[in-house]
Amino acid sequence: MRPAAVLWDMDGTIVDTEPYWIECEYELVREFGGHWDQRKAHSVVGLDLRETARILQEQGSVDLPIDDIINRLLDGVIERVRTRVPWRPGARELLAALREAGIPCALVTMSWTRFAEAVVESLPPGSFDAVITGDMVRNGKPHPEPYLAAAAALGVDPRRCIAIEDSPTGARSAAAAGCRTIAVPNVVDVPDIDGVRRIASLDGVNPAIFGLRPRGRLRLRPLAALTLLIAIAAAAAIVVRRDDPPLPVIPMSGWAPYWVLESAAATIDAEGSHFTELSPFWFEARGATDVGLVATLDEDAAERFLDTARSSGALIIPAVVDVMPTNGMASVLADDDARQRHVATLLALAETWDADGLDIDYERFAFSDDRSTWDTTAVDWITFLGELGAGLRADGRLLTVAVPPIYDSGRTSDSGYWVYDYAAMGEVVDRIRIMAYDYSVGSPGPIAPLDWVSRAVRAAKEAVDDDTKVVLGIPLYGRNWVVGTEGTCPADTPGRVDPNLREVDQLLDRYGATTTYDPLTGDEWFEYSRESSDGVTSCVQTRRVHFVGPRGARERVDIARRERIGGVAFWALGFDTPAVWEAVRSLALDPVAP
Numbered sequence: 003m004r005p006a007a008v009l010w011d012m013d014g015t016i017v018d019t020e021p022y023w024i025e026c027e028y029e030l031v032r033e034f035g036g037h038w039d040q041r042k043a044h045s046v047v048g049l050d051l052r053e054t055a056r057i058l059q060e061q062g063s064v065d066l067p068i069d070d071i072i073n074r075l076l077d078g079v080i081e082r083v084r085t086r087v088p089w090r091p092g093a094r095e096l097l098a099a100l101r102e103a104g105i106p107c108a109l110v111t112m113s114w115t116r117f118a119e120a121v122v123e124s125l126p127p128g129s130f131d132a133v134i135t136g137d138m139v140r141n142g143k144p145h146p147e148p149y150l151a152a153a154a155a156l157g158v159d160p161r162r163c164i165a166i167e168d169s170p171t172g173a174r175s176a177a178a179a180g181c182r183t184i185a186v187p188n189v190v191d192v193p194d195i196d197g198v199r200r201i202a203s204l205d206g207v208n209p210a211i212f213g214l215r216p217r218g219r220l221r222l223r224p225l226a227a228l229t230l231l232i233a234i235a236a237a238a239a240i241v242v243r244r245d246d247p248p249l250p251v252i253p254m255s256g257w258a259p260y261w262v263l264e265s266a267a268a269t270i271d272a273e274g275s276h277f278t279e280l281s282p283f284w285f286e287a288r289g290a291t292d293v294g295l296v297a298t299l300d301e302d303a304a305e306r307f308l309d310t311a312r313s314s315g316a317l318i319i320p321a322v323v324d325v326m327p328t329n330g331m332a333s334v335l336a337d338d339d340a341r342q343r344h345v346a347t348l349l350a351l352a353e354t355w356d357a358d359g360l361d362i363d364y365e366r367f368a369f370s371d372d373r374s375t376w377d378t379t380a381v382d383w384i385t386f387l388g389e390l391g392a393g394l395r396a397d398g399r400l401l402t403v404a405v406p407p408i409y410d411s412g413r414t415s416d417s418g419y420w421v422y423d424y425a426a427m428g429e430v431v432d433r434i435r436i437m438a439y440d441y442s443v444g445s446p447g448p449i450a451p452l453d454w455v456s457r458a459v460r461a462a463k464e465a466v467d468d469d470t471k472v473v474l475g476i477p478l479y480g481r482n483w484v485v486g487t488e489g490t491c492p493a494d495t496p497g498r499v500d501p502n503l504r505e506v507d508q509l510l511d512r513y514g515a516t517t518t519y520d521p522l523t524g525d526e527w528f529e530y531s532r533e534s535s536d537g538v539t540s541c542v543q544t545r546r547v548h549f550v551g552p553r554g555a556r557e558r559v560d561i562a563r564r565e566r567i568g569g570v571a572f573w574a575l576g577f578d579t580p581a582v583w584e585a586v587r588s589l590a591l592d593p594v595a596p
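Per the working numbering, the very first residue in the sequence shown carries number 3; after that it's consecutive.
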């Protein structure tokens, strides 16, 4: 697909200046009588200059302040660049092609501004629409901030951008920001990193990777050419035409409920590198200024989860749930003073927890408040999100919302939960996570029928100008209903329960049941008999379980992929089984997966 922008690393990617930096490091260390070697030099490739200077102090015995070390290195490298700019093969040609095609480019370098300017001045005017340097960001690579800042400067979603890097440090930064990342190794090799594709050189690279039309005739690889010749021989004439671009990769995110934290942490430990955003689900809004942790949270488990989540490189975006009485939150948002105090409380929460954003999950408008209040609440809701989003973005944070689905652009009883004005939300939030589940609640039936899910996604796309802001919520749970009873059951016999996929597997093992997959709904179901007795009364229940398993999760990821929206969010991490990730991984991460 044509990217929204291409984000370029500089040292080692556009210009082969890494040898210059290494020469200057050796000179500086030698001046102070220290020891430096290639292993140490390679270890700092791609790092923020402040971190490089610190390592030179500690491992190279350079007895100078951090800023003095940085300036000495910059002086040496700039002097060499002004003598000769060592361009990397294919870099200038690709930059020119992108400029001709009107695809914006940004420079994202951990070098400082005065060095970046020396390189930019050697390129044609307008080569870069934005420049982000190491002295412009608070967190350098491998933190995602530099690439997030570049995307923000261009006004694009980082997930629709391609990043070009040469180092493991830079590649991890770009991938963590959600960019489709291409690594062109130079001084140091780039290992396997999820979401990162390696190529040997930009010289002669397939332009289609960057959304450009190939020039000249298309040359087939030998095997592809042979296959084509066989096909032509088998038929008089075959014309193959493909107008649609390759299907995109799909960013994955998920909520981590407080009651399954140990399981959620295990999932992130195993699969966390595939996720771009993780949402701890353990904050609740009890009043305008009363927002905090749920009372039953195991704080030790929460800390362990956060450590694991942060090490994955994903953005941490805590979810806040409305637990106020009926009309409580609507009243807060309708009062200017109360709403502003609530916004200030949420901003303080994000700051206290060093969060990358907040996910607002205020469902009582839809499921508790009377529909007669929706016209007023819909307006107040957007005012609130606009104020909160502005405050979060001022601190470099994101705003997402988790909302029930709509089915059309109207405001009728058939339109879904229109109190959440999707079109207006699209103007003020960064993600709209559609809770496309809970289709069957009161009686046995599918959790989220595929046609219903598709309808919700298309309605959201029709309302929201930017499809990449739309995220599909995918359930990883089921419902277990009583569909028949013989005898008299004890008082504590369970009625409807909501098992997660791990518990579904336990039921299947315990009762030896066999599942049936329904290709129309994308759900699975099975029945079993459960005996219950307290020594006085007894019964046999026939129970039916409907759930979205690995195959159904894959079907829903495929809907998001084919609709080309901004990602999927799983409800919930800790509910899953390894089979889920085996089923969805290739679809979410591989743009050519079937």
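Ideal Cβ placement from N, Cα and C applies to all residues, glycine included.
Buried/exposed call for residue 147, threshold 16 Cβ in 10 Å: Note on residue 147: 16 or more other CB atoms within 10 angstroms of its CB, so buried under the neighbour-count rule.
Quickly, what does DSSP pair residue 2 with across the bridge? List them, please. Nothing in the structure corresponds to residue 2, since the chain is present only between 3 and 596.
Inter-residue Cα distance where the pair is residue 463 and residue 76: Going from the Cα of residue 463 to the Cα of residue 76 covers about 48 Å.
Check whether the segment 165 to 184 touches the segment 55 to 74, taking contact to mean three or more Cβ pairs, one atom from each stretch, closer than 8 Å. In short, these stretches do not touch, since the Cβ pair count stays below three.
Along the chain, which unbroken stretches of the alpha helix (DSSP H) at least 4 residues long are found entirely within the segment 55 to 141? Every alpha helix (DSSP H) of 4 residues or more that sits fully in the segment 55 to 141 is shown, in chain order, as 68 to 85, 93 to 103 and 115 to 122.
Residue 282, DSSP secondary structure in three states: Correct three-state label for residue 282: strand.
Just checking my contact of residue 316 with residue 279 at CB under 8 Å: how many whole Å lie between their CB atoms? Rounded, the Cβ-Cβ distance is 6 Å, consistent with contact.
What is the C-beta distance between residue 134 and residue 120, in whole angstroms, given that I count them as a contact (C-beta under 8 Å)? The Cβ separation is near 16 Å, so there is no contact.
List the endpoints of the continuous beta strand (DSSP E) containing residue 478. Counting along the chain, residue 478 falls outside any beta strand (DSSP E), and DSSP gives it neither H nor E.
Report yes if the C-beta of residue 294 is less than 7 Å from at least one heavy atom of the ligand MG; otherwise report no. For the ligand MG, the structure offers nothing, since it holds no ligand at all.
For residue 139, which residues of its own chain have a beta-carbon under 7 Å away from its beta-carbon, when the five flanking residues on both sides are left out? Once the five neighbours on either side are set aside, the close Cβ partners of residue 139 are 147, 148 and 151.
Reference residue 493, options 538, 294 and 486, closest by Cα: Taking each of 538, 294 and 486 in turn and checking the Cα distance to residue 493, the smallest one comes out for 538.
In angstroms, rounded to a whole number, what distance separates the CA positions of residue 526 and residue 422? Between residue 526 and residue 422, the alpha-carbon positions lie close to 31 Å from each other.
The segment 341 to 361 in contact with the segment 390 to 407 per 3-pair CB rule at 8 Å: Yes, they touch.
Are the segment 80 to 90 and the segment 15 to 27 in contact at 8 Å, needing three or more beta carbon pairs? Result yes; three or more Cβ-Cβ pairs closer than 8 Å.
Closest to residue 579 by CA distance: which of 164, 262, 534 and 310 is it? Comparing Cα-Cα distances from residue 579 to each of 164, 262, 534 and 310, the minimum goes to 262.
Where residue 193 sits in the DSSP three-state scheme: Coil at residue 193, not helix or strand.
Kindly identify the DSSP beta-bridge partner or partners of residue 255. According to the DSSP secondary-structure assignment, residue 255 is paired through a beta bridge with 279 and 571.
If you reduce the DSSP assignment to three classes, tell me which class residue 498 lands in. Three-state DSSP puts residue 498 in coil, outside helix and strand.
Quick check on the DSSP output: the beta strand (DSSP E) that includes residue 540 runs from which residue to which? Its beta strand (DSSP E) spans residues 540 to 549.
Continuous beta strand (DSSP E) stretch holding residue 163: start and end: Taken as a continuous stretch (DSSP letters only), the beta strand (DSSP E) holding residue 163 covers 163 to 167.
Sorted by chain position, which residues of the same chain lie with C-beta nearer than 7 Å to residue 267's C-beta, five sequence neighbours on each side aside? Once the five neighbours on either side are set aside, the close Cβ partners of residue 267 are 306, 307 and 310.
Can the beta-carbon of residue 549 be found closer than 8 Å to that of residue 506? Cβ atoms of residue 549 and residue 506: closer than 8 Å.
In whole angstroms, give me the CA-to-CA distance for residue 12 and residue 115. About 12 Å.
Using only CA atoms, which one of 79, 85 and 52 lies nearest to residue 69? Comparing alpha-carbon positions, the option among 79, 85 and 52 lying closest to residue 69 turns out to be 52.
When the Cα atoms are used, what is the spatial distance from residue 528 to residue 490? Residue 528 and residue 490: Cα-Cα distance of roughly 24 Å.
Do three or more CB pairs link the segment 378 to 385 to the segment 419 to 437 at distances below 8 Å? Counting Cβ pairs under 8 Å, three or more are found: they touch.
Taking only runs of the beta strand (DSSP E) that begin and end inside the segment 398 to 430, which ones reach a length of at least 3 residues, in chain order? Fully enclosed beta strand (DSSP E) runs of 3 or longer: 400 to 405.
Rounded to the nearest angstrom, what separates residue 74 and residue 7 at their Cα positions? Those two C-alpha atoms are separated by around 34 Å.
Through-space distance from residue 499 to residue 589, alpha-carbon basis: If I take the Cα positions, the gap works out to 31 Å.
Between the CA atoms of residue 94 and residue 125 - distance to the nearest angstrom: So the two alpha carbons sit approximately 8 Å from each other.
Just to confirm, is the Cβ distance from residue 319 to residue 400 under 8 Å? Cβ distance < 8 Å, so residue 319 and residue 400 count as in contact.
Could you give the first and the last residue of the continuous beta strand (DSSP E) run that contains residue 363? Per DSSP, the continuous beta strand (DSSP E) segment holding residue 363 begins and ends at 359 to 363.
Going by other Cβ atoms of all chains shown within 10 Å of its Cβ, with 16 needed for buried, is residue 201 buried or exposed? With fewer than 16 other Cβ atoms from the protein chains shown falling within 10 Å of its own Cβ, residue 201 counts as exposed.
Separation of residue 552 from residue 276, as counted between CA atoms: Near 16 Å, if we compare the C-alpha coordinates of residue 552 and residue 276.
So, helix, strand or coil for residue 245, using DSSP? Confidence is the limiting factor: at residue 245 the pLDDT is only 41, short of 50, which leaves the residue's position unreliable and the question unanswerable from this model.
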